[in-house]
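Undergrad: In my numbering, the protein residues as written are 1 to 368.
My questions will all concern the structure given below.
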Amino acid sequence: MNQIHRSFLDIDKSKWERLKPEQNPFLSLDFYQTLEITRCIGSQSGWLPQIIEVQAGFLVYFIKDHSYGEYIFDWNWAQAYASHGLDYYPKLLSMCPFTPATKSVFICKAEDKQTQNELIHILLEEYQKKDFYSAHLLFINQRDKEFLANKFMIRTSMQYHFFNPGYRDFNDFLNTLKSKKKKNILKERIFPKEVSITQYTGDDLTLAHAEQMHRFYFDTISYKGALPYLNHDFFQQILKHLKHQILYVEAAFENEPIAGSLFFYDENRLYGRYWGTTRPLKNLHFELCYYQGIEFAIHHQLAVFEAGAQGEHKISRGFTPTPIYSAHRIKNKNFSDAINQFILKERDYIQETITHLKQFLPYKETHE
Numbered sequence: 001m002n003q004i005h006r007s008f009l010d011i012d013k014s015k016w017e018r019l020k021p022e023q024n025p026f027l028s029l030d031f032y033q034t035l036e037i038t039r040c041i042g043s044q045s046g047w048l049p050q051i052i053e054v055q056a057g058f059l060v061y062f063i064k065d066h067s068y069g070e071y072i073f074d075w076n077w078a079q080a081y082a083s084h085g086l087d088y089y090p091k092l093l094s095m096c097p098f099t100p101a102t103k104s105v106f107i108c109k110a111e112d113k114q115t116q117n118e119l120i121h122i123l124l125e126e127y128q129k130k131d132f133y134s135a136h137l138l139f140i141n142q143r144d145k146e147f148l149a150n151k152f153m154i155r156t157s158m159q160y161h162f163f164n165p166g167y168r169d170f171n172d173f174l175n176t177l178k179s180k181k182k183k184n185i186l187k188e189r190i191f192p193k194e195v196s197i198t199q200y201t202g203d204d205l206t207l208a209h210a211e212q213m214h215r216f217y218f219d220t221i222s223y224k225g226a227l228p229y230l231n232h233d234f235f236q237q238i239l240k241h242l243k244h245q246i247l248y249v250e251a252a253f254e255n256e257p258i259a260g261s262l263f264f265y266d267e268n269r270l271y272g273r274y275w276g277t278t279r280p281l282k283n284l285h286f287e288l289c290y291y292q293g294i295e296f297a298i299h300h301q302l303a304v305f306e307a308g309a310q311g312e313h314k315i316s317r318g319f320t321p322t323p324i325y326s327a328h329r330i331k332n333k334n335f336s337d338a339i340n341q342f343i344l345k346e347r348d349y350i351q352e353t354i355t356h357l358k359q360f361l362p363y364k365e366t367h368e
């Protein structure tokens, strides 16, 4: 029977885990349930979960009255609506909250087009009959992009990804770089002898690491004047439930923790997510967020390392400008036509930008 749940706690975990098309941590029911249990999502944060369930799959979306925590920005669209005296919210949004990482839209077998069509049909029915002014599916993968192209406007954005063609180790990666870039990375990795850096995964992760990561995350977010989307309980719970898909990198000064970075991973990809420090040291951000991740990806033969949103400084450190995709529908026809024109122009601009930025990659030869 088809139904729409209002809570991830109502979902049959065995069915969800059996049907999900990949081991991406941001498709894990544990991840969504942790967000809900710790009240990072829900009415208090403006992320109201709706989980469509059919016989052979699920599709998650949220009812939202704001655009925080999305990383593919539509604030200008909302402002244009407001300037014409129109409402832009509530909107329908499908993504893993606060997580700019590529994943499948569908919790079903990748080859099951019938179920994907069924889920999208129900989603669009909900969109049409309810008080939504727009629908947005963010950070969709290439397969879903092609599937959704005849039903949605496809928007192109850009991130920086590290691609691992099969390096033997970090030195093997360095040997593919131009001499000046290689020397710069080696120089950036030199720290005072009092500094130690350690990687933790799986059963080596402890609640002390969760305490550290929350403190580093909160202090750094607060310093930037940004909104802390995640709370203390989230870090405690996620290290319990997804510890075998988490990498925590700790930096210590004279054995006292001073910084940490948190990554998630599956069998193919590493995802850089959170970072913070209580004692800024030159180049420590690069080490904990980039070089440690590259080392881990190479050691575990992961093909891609998604280092998160923004940052042209990643290019000289081995990260390639890469297109990412989202899918959109706008109910108001005039605005739909205008936004579609904007998306087409933006796509050309992004493609030109990617071509331009690739000139500054540090590799001796073309690398992707």
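Note that beta-carbon positions come from the ideal geometry of N, C-alpha and C, so glycine has one too.
Within the continuous alpha helix (DSSP H) that includes residue 57, where are the two ends?
TA: Stepping through the sequence shown from its first residue, residue 57 is reached at position 57. Looking at the DSSP string, residue 57 is not in any alpha helix (DSSP H); the run it does join, the beta strand (DSSP E), is 57-64.
Undergrad: Taking the alpha-carbon positions, what's the residue 170 to residue 261 distance?
TA: As a first step, residue 170 must be located in the sequence shown, where it is residue number 170. As a first step, residue 261 must be located in the sequence shown, where it is residue number 261. Their backbone Cα atoms lie some 19 Å apart in a straight line.
Undergrad: Return the residue from the list 164, 356, 69 and 10 that minimises the CA-CA distance to residue 58.
TA: For the purposes of this step, residue 58 is identified with residue 58 of the sequence shown, where counting begins at 1. Comparing Cα positions, the closest option is 10.
Undergrad: Residues bridged to residue 103 by DSSP?
TA: On the sequence shown, position 103 is the one that residue 103 refers to. Paired residue(s): 140.
Undergrad: Does the pairing of the stretch 71-90 with the stretch 117-128 give three or more beta-carbon distances under 8 Å?
TA: no
Undergrad: Since residue 309 and residue 71 are thought to touch, with beta carbons under 8 Å apart, how far apart are those beta carbons, to the nearest angstrom?
TA: The residue you call residue 309 lines up with position 309 of the sequence shown. The residue you call residue 71 lines up with position 71 of the sequence shown. Their Cβ separation, rounded to whole angstroms, is 5 Å, which keeps residue 309 and residue 71 in contact under 8 Å.
Undergrad: On the criterion of 16 or more Cβ atoms from any shown chain inside 10 Å, does residue 187 qualify as buried, or is it exposed?
TA: For this step, residue 187 is matched to residue 187 along the sequence shown. Its Cβ having fewer than 16 others within 10 Å, residue 187 is exposed.
Undergrad: Looking at residue 105: is its Cβ nearer than 7 Å to the Cβ of residue 140?
TA: Along the sequence shown, read from residue 1 onward, the residue named residue 105 stands at position 105. Along the sequence shown, read from residue 1 onward, the residue named residue 140 stands at position 140. Yes, they are a contact pair.
Undergrad: Could you compute how far the alpha carbon of residue 209 sits from the alpha carbon of residue 28?
TA: Here residue 209 refers to the residue found at position 209 of the sequence shown. Here residue 28 refers to the residue found at position 28 of the sequence shown. Approximately 21 Å between the Cα atoms of the pair.
Undergrad: Going along the chain, which residues of its own chain have a beta-carbon closer than 7 Å to the beta-carbon of residue 16, five neighbours each way excluded?
TA: Here residue 16 refers to the residue found at position 16 of the sequence shown. Excluding residues within five positions, the ones whose Cβ falls inside 7 Å are 29, 58 and 107.
Undergrad: Taking 7 Å as the threshold (C-beta atoms), are residue 216 and residue 245 in contact?
TA: Taking the first residue of the sequence shown as position 1, residue 245 is located at position 245. Taking the first residue of the sequence shown as position 1, residue 216 is located at position 216. No.
Undergrad: In this structure, does DSSP put residue 146 in helix, strand or coil?
TA: For the purposes of this step, residue 146 is identified with residue 146 of the sequence shown, where counting begins at 1. Of the three classes helix, strand and coil, the one that applies to residue 146 here is helix, per DSSP.
Undergrad: Would residue 212 be called buried (16 or more neighbouring beta carbons within 10 Å of its own) or exposed?
TA: Counting from one through the sequence shown, the residue named residue 212 turns up at place 212. Classification of residue 212: buried, given that the 10 Å Cβ count is 16 or more.
Undergrad: Could you say which of 271, 340, 288 and 335 lies nearest to residue 83 if we only look at CA atoms?
TA: Taking the first residue of the sequence shown as position 1, residue 83 is located at position 83. For the residues 271, 340, 288 and 335, the minimum Cα distance to residue 83 belongs to 335.
Undergrad: Where do the ends of the beta strand (DSSP E) carrying residue 5 lie?
TA: As a working mapping, residue 5 is identified with position 5 in the sequence shown. That run of the beta strand (DSSP E) goes 3-5.
Undergrad: Report the option in 315, 313 and 252 whose CA atom is closest to the CA atom of residue 276.
TA: Within the sequence shown, residue 276 is the residue found at index 276, counting from 1. Residue 252 is the option with its Cα nearest to residue 276.
Undergrad: Going by Cα to Cα distance, which pick from 348, 206 and 134 is closest to residue 236?
TA: For the purposes of this step, residue 236 is taken as residue 236 along the sequence shown, with counting starting at 1. Out of 348, 206 and 134, 206 has the C-alpha closest to the C-alpha of residue 236.
Undergrad: What runs of the alpha helix (DSSP H), each 4 residues or longer, lie entirely inside the stretch 139-217?
TA: With a minimum length of 4 residues, the unbroken runs of alpha helix (DSSP H) contained wholly in the stretch 139-217 fall at 142-148, 170-174 and 179-188.
Undergrad: Can you give me the C-alpha to C-alpha distance between residue 54 and residue 344, rounded to a whole angstrom?
TA: Reading the sequence shown from its first residue, position 54 is the one you call residue 54. Reading the sequence shown from its first residue, position 344 is the one you call residue 344. Rounded to whole angstroms, residue 54 to residue 344 spans 34 Å at the Cα level.
Undergrad: Since I believe residue 91 is in contact with residue 136 (beta carbons under 8 Å), could you give me their beta-carbon distance rounded to a whole number of angstroms?
TA: Within the sequence shown, residue 136 is the residue found at index 136, counting from 1. Within the sequence shown, residue 91 is the residue found at index 91, counting from 1. Residue 136 to residue 91, Cβ: 6 Å. Contact.
Undergrad: Judging by CA-CA distance, which residue of 100, 19 and 163 is the nearest neighbour of residue 109?
TA: Locating residue 109 in the sequence shown gives position 109, counting from the first residue. Selected option, being the one with the closest Cα: 19.
Undergrad: Give me the Cβ distance between residue 162 and residue 319, rounded to the nearest whole Å; I'm assuming they're in contact under 8 Å.
TA: Position 162 of the sequence shown, counting from 1, holds the residue named residue 162. Position 319 of the sequence shown, counting from 1, holds the residue named residue 319. Contact flag correct, Cβ pair sits at about 5 Å.
Undergrad: With distance defined between alpha-carbon atoms, name the residue in 37, 7, 81 and 305 nearest to residue 63.
TA: Taking the sequence shown and counting its residues from 1, the one referred to as residue 63 is at position 63. The shortest C-alpha separation from residue 63 is found at 7.
Undergrad: Whole angstroms is fine: what's the gap from residue 301's alpha carbon to residue 41's?
TA: As a working mapping, residue 301 is identified with position 301 in the sequence shown. As a working mapping, residue 41 is identified with position 41 in the sequence shown. Between the alpha carbons of residue 301 and residue 41 lies a distance of about 34 Å.
Undergrad: What is the C-beta distance between residue 349 and residue 145, in whole angstroms, given that I count them as a contact (C-beta under 8 Å)?
TA: Within the sequence shown, numbered from 1, the residue matching residue 349 stands at position 349. Within the sequence shown, numbered from 1, the residue matching residue 145 stands at position 145. The pair is not a contact, with the Cβ atoms about 18 Å apart (cut-off 8 Å).
Undergrad: Among all the DSSP beta bridges, which residues are the ones paired with residue 353?
TA: Along the sequence shown, one-based indexing puts residue 353 at 353. Answer by DSSP bridge pairing: none, since residue 353 is not bridged.
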